[in-house]
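Visitor: Provided herewith is a single structure, encoded as structure tokens, for subsequent inquiry.
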Amino acid sequence: MKLPGRLLLVSLVFLVLPWAGCQYLQEVETALRQGQVRSLMATAGMTASVLEARLPAVAEIPRPATAHDLYAYRLENPPTLDGFGDDWGLPPGALIPLDDRRAIRHAAGLHGNFVYLFIEVDAPAVQHAEPGIAGDRLMVAAGWDEAVIAVAAPGPFRLTRPLRITGAWTDTTRGFQVELRLPLTATRDRLGFRVIRNDGKQAATYEGLPGRLVHPRPALAEELAGLAQAGARLSVVNSTGWRLASTPSTGNDAVRDTPPGGLVGWIYRVAVGDGPPSAPRPVREPGRLTGPEVESALAGEPGQAWYGSDVEGRALLSVAVPVSSDGQIVGAVVAEQDTRAILTLRDQALSRLLGLTLGASLAAGAVLLGFALWLSLRIRRLAAATRGGDTGGGVLPETLPGTGDRDELGDLARRFEALIARVGEHNRYLETLGQKLTHELRTPIAVVRSSLDNLEAGASPEDAAGYVARARQGADRLAALVQALGAATRIEEALSVRENQSVNLARLITELATAYSGAHPGHRFAAAVTDDREAMVTGSPDLLAQMVDKLVDNAVDFTAPGEVIVLGLERAGKQARLSVSNPGEPIPDRLKERLFERMASDRPADGGGTTHLGLGLYIARTIARHHGGDIMASNTPDGVCFSIDLPLCEDPDRD
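Each residue of the sequence shown is one higher than the one before, counting from 319 in this note's numbering.
See the structure below:
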């Protein structure tokens, strides 16, 4: 994979920023939900405490009943008593089955000072009351009184004693329906009924005394209205879960912040998940609150539960706190609040977060891609420049692009340029090697060949001895050439096997100066040690001596007989500077740059036939660098000075 593709792939790591932000916001949402639970629980608890303190004034909260309770819905308009319940305006499911057979269904309503009761009965072969036949009949119990309703034919009916009841009986294809009305005061909050068939079988909402008539209480609604908080709905239920009073829900439930769409929306849904729970609150009958939190509160312990809201995407939090009187649980306060505020905050924050982090990620990816293209372009330019050596007949470029840049690629370009320069120098060395060898070998070969030719021509014994001596001299020069060519290789091999030790340079220089006086009697040698302290370095004494030998040999060749060659030693900080100075001609400018290269020589012609391939100074530099130092050459007012800097031992082992 190319560099831009790799960096673009690496830039995908920036996508962890939106994911981490979404995870953080989900944690924030969890914390907000927990805070919402605590806040709503406190509201419900405060409301329950207020109701318990004012319970005598709101005594409409009914006591637990032992019989079947009837819940009367608040009706917007008074129904027409025609035997049909279509005009009641009841919510779906308001007709409650009397038993599991669902043959009898009923509903109660309240409007003004009257209670309305609608009863629907599945009864084949309806039998009306006739002389001597009781027929199908309905018994209504209100308060402590009980009235029997039996009609000879479908239609309106009216009773005055013992209860004042007005209503209508209607036969249907499935059975019959009864719709009736009676004063609320006559019920004394107790109401029940029995359906008795003509065969004597009956189904009843009460045994003995009728059950409680449960209906919304205006006094409780007024109390709750003063305690309600924005965004929350308060309800009071009796001990069986019937709603006695409630406050209307606040806010516009139809409004919902829509999450972003497209790619951002897809990332939004992946990050947030499936959203709040979708299971709605379980409903057994309209007007009756059920659920684990209500059951827990009616059992004496506050409870909470989450449900799916009527508005898509929201959740409904419901908490319930018990209401007690004289130590007995008489009902519960239920507080409900959806997550509109939380989801709005989350959606807005998440939309902004996704937009910002995705934008930042895309911008970072674009910057990385641009940076990668720029780097790739620089590398391609460098590669194209270095490729010239493959296609240009081995000609390497002298300069490379990017060497002036102050970064890693600039360092690489400069190193390549230095490497190419060294390779070029080596190529030039190889190109001139044949010429130099031809020049150096031509003379000894000619000497050997001419001597052999003269011997073959039958020279006299006296001349033959001279020819043999000349042939031997030519062979010796050939051997010297071979030895000089292998000198550098032998030195590199010696560097890899010699063991280092502490070397006293002051002592070494003094001993070498004395030895050179005997080896080169035509020249004088002097040791100039400016520091009387011992200068200790780590290395091989033999190699160091050989390094000095090469410098001295070079100095002897360029110094007139009788002149003084000085071997110097001085300390320069943490380094020892060893020098060899000789009077003579200065180093030519054309030779300064390649003085320490292989076969770089500018020696004068030697009448003695000594062979020089320009390897001495190269060997000296190789030994110096092996010991961690460096070698330099400079012209002086009266000659030339070669100096070598070597690192001193930090803790020399003095002997």
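No residue lacks a Cβ here, since even glycine has one placed at the ideal position from N, Cα and C. It should be emphasised that the depicted structure is a prediction, and the values quoted were computed from it without experimental measurement.
1. Whose CA, out of Tyr434, Pro442, Val866, Asp723, lies closest to the CA of Leu498?
2. Sorted by chain position, which residues of the same chain lie with C-beta nearer than 8 Å to Pro719's C-beta, five sequence neighbours on each side aside?
3. Could you check the C-alpha separation between Phe689 and Leu964 for me, to the nearest Å?
4. For Val639 and Ala623, which I take to be in contact (beta-carbon distance under 8 Å), what is that distance rounded to the nearest angstrom?
5. Could you round the C-beta distance between Met865 and Asn822 to whole angstroms and report it? I think they count as a contact, below 8 Å.
6. Taking only three categories from DSSP, how would you classify Ala846?
7. Specify the secondary structure class of Ile514 as computed by DSSP and reduced to three states.
8. Return yes when the Cβ of Leu635 is within less than 8 Å of the Cβ of Leu456, no when it is not.
9. Which residues in the same chain have their Cβ closer than 7 Å to the Cβ of Ala824, if we skip the five residues on either side of it in sequence?
10. Following the continuous beta strand (DSSP E) through Glu541, name the residue where it begins and the one where it ends.
11. Can you give the Cα-Cα distance for Gly710 and Leu773, rounded to whole angstroms?
12. Out of Ile467, Ile962, Phe494, Phe914, which one is the CA nearest neighbour of Arg479?
13. The beta strand (DSSP E) spanning Leu498 covers which residue range?
14. Could you pull out every unbroken alpha helix (DSSP H) segment of at least 4 residues lying fully inside the stretch 599 to 647, listed in chain order?
15. Does DSSP put Arg856 in a helix, a strand or coil?
16. Taking just the CA atoms, how far does Ala338 sit from Ala421?
17. What separation, rounded to the nearest whole angstrom, lies between the Cα atoms of Leu428 and Glu448?
18. Can you give me the C-alpha to C-alpha distance between Thr565 and Asn395, rounded to a whole angstrom?
19. So which of Ile905, Asp956, Cys967 has the shortest CA-CA distance to Met950?
20. Could you check where the beta strand (DSSP E) with Glu525 kicks off and where it finishes?
21. Tell me Phe432's beta-bridge partners as DSSP assigns them.
22. Kindly indicate which three-state DSSP category Pro779 falls into: helix, strand or coil?
23. Report buried or exposed for Ala942, applying the criterion of at least 16 other Cβ atoms within 10 angstroms of its Cβ.
24. Pairing CB atoms from the stretch 398 to 416 with CB atoms from the stretch 358 to 373, are three or more of them under 8 Å?
25. What number of angstroms, rounded off, separates the C-alpha of Gly880 from the C-alpha of Thr954?
26. Give a yes or no on whether the C-beta atoms belonging to Leu509 and Ala460 are separated by under 8 Å.
27. Out of Leu869, Leu542, Trp560, Pro442, which has the shortest C-alpha to C-alpha gap to Asp517?
28. Which residue or residues does DSSP assign as beta-bridge partners of Ile414?
29. Locate the beta strand (DSSP E) running through Thr488, then write down its first and last residues.
30. Classify Asn395 as helix, strand or coil using the three-state DSSP reduction.
31. Is the number of C-beta pairs between the stretch 536 to 556 and the stretch 480 to 498 that are closer than 8 Å three or more?
Guide: In short:
1. Position 180 of the sequence shown, counted from the start, is the residue given in the question as residue 498. When only C-alpha atoms are compared, the closest one is Tyr434.
2. Counting from 1 along the sequence shown, the entry for residue 719 is found at position 401. These residues qualify, in order along the chain: Arg696, Arg699, Leu700, Ala703, Ala731.
3. Indexing the sequence shown from 1 puts residue 689 at position 371. Indexing the sequence shown from 1 puts residue 964 at position 646. So the alpha carbons of these two residues sit roughly 44 Å apart.
4. Here residue 639 corresponds to residue number 321 of the sequence shown, with the count starting at 1. Here residue 623 corresponds to residue number 305 of the sequence shown, with the count starting at 1. Going by Cβ atoms, the distance from Val639 to Ala623 rounds to 13 Å, so no, they are not a contact pair.
5. In the sequence shown, the residue the question calls residue 865 occupies position 547. In the sequence shown, the residue the question calls residue 822 occupies position 504. With a Cβ gap of about 16 Å, Met865 and Asn822 do not count as contacting.
6. Within the sequence shown, the letter at position 528 stands for residue 846. Ala846 falls in the strand class under three-state DSSP.
7. Residue 514 sits at position 196 when you count from the first residue of the sequence shown. DSSP places Ile514 in strand when its eight states are reduced to three.
8. On the sequence shown, residue 456 is found 138 positions in, with the first residue counted as 1. On the sequence shown, residue 635 is found 317 positions in, with the first residue counted as 1. Going by C-beta atoms, Leu456 is not nearer than 8 Å to Leu635.
9. In the sequence shown, residue 824 corresponds to position 506, counting from 1. If we look at Ala824 and ignore the five residues flanking it on each side, its Cβ neighbours are Val847, Glu852, Ala853, Leu887.
10. Here the question's residue 541 lines up with position 223 in the sequence shown. No beta strand (DSSP E) holds Glu541; the alpha helix (DSSP H) holding it covers 536 to 545.
11. On the sequence shown, position 392 is the one that residue 710 refers to. On the sequence shown, position 455 is the one that residue 773 refers to. Confidence at Gly710 is low in this model, with a pLDDT of 49, below 50, so the placement of that residue is unreliable and no value is reported for it.
12. Taking the sequence shown and counting its residues from 1, one reaches residue 479 at position 161. Cα-wise, what sits closest to Arg479 is Ile467.
13. The residue you call residue 498 lines up with position 180 of the sequence shown. From DSSP, the beta strand (DSSP E) with Leu498 extends over 493 to 501.
14. 610 to 616
15. Residue 856 sits at position 538 when you count from the first residue of the sequence shown. Checking the sequence shown, residue 856 turns out to be Thr, not Arg. It is a strand residue.
16. Reading the sequence shown from its first residue, position 103 is the one you call residue 421. Reading the sequence shown from its first residue, position 20 is the one you call residue 338. If you take the alpha carbons of Ala421 and Ala338, they lie about 59 Å apart.
17. Reading the sequence shown from its first residue, position 110 is the one you call residue 428. Reading the sequence shown from its first residue, position 130 is the one you call residue 448. Rounded to the nearest angstrom, the two C-alpha atoms are 33 Å apart.
18. Taking the sequence shown and counting its residues from 1, one reaches residue 565 at position 247. Taking the sequence shown and counting its residues from 1, one reaches residue 395 at position 77. Distance between the alpha carbons of Thr565 and Asn395: 21 Å.
19. Taking the first residue of the sequence shown as 1, we reach residue 950 at position 632. Of the candidates Ile905, Asp956, Cys967, the one whose C-alpha sits nearest the C-alpha of Met950 is Ile905.
20. For the purposes of this step, residue 525 is taken as the residue at position 207 of the sequence shown. No beta strand (DSSP E) holds Glu525; DSSP gives it neither H nor E.
21. Within the sequence shown, the letter at position 114 stands for residue 432. His429, Pro501, per the DSSP bridge assignment.
22. The residue labelled residue 779 in the question sits at position 461 within the sequence shown. Here Pro779 sits in helix by DSSP.
23. Numbered from 1 along the sequence shown, position 624 holds the residue referred to as residue 942. Ala942 comes out buried.
24. no
25. Position 562 of the sequence shown, counted from the first residue, corresponds to residue 880. Position 636 of the sequence shown, counted from the first residue, corresponds to residue 954. Computed Cα separation, rounded: 19 Å.
26. Residue 509 sits at position 191 when you count from the first residue of the sequence shown. Residue 460 sits at position 142 when you count from the first residue of the sequence shown. Against a cut-off of 8 Å, the Cβ pair of Ala460 and Leu509 comes out as a contact.
27. Indexing the sequence shown from 1 puts residue 517 at position 199. The candidate whose alpha carbon is nearest that of Asp517 is Pro442.
28. In the sequence shown, the residue the question calls residue 414 occupies position 96. DSSP lists His424 as partners of Ile414.
29. Within the sequence shown, the letter at position 170 stands for residue 488. It spans 483 to 489 - the beta strand (DSSP E) in which Thr488 sits, taken as one unbroken run.
30. One-based indexing of the sequence shown puts residue 395 at position 77. Reduced to three states, the DSSP call for Asn395 is coil.
31. no
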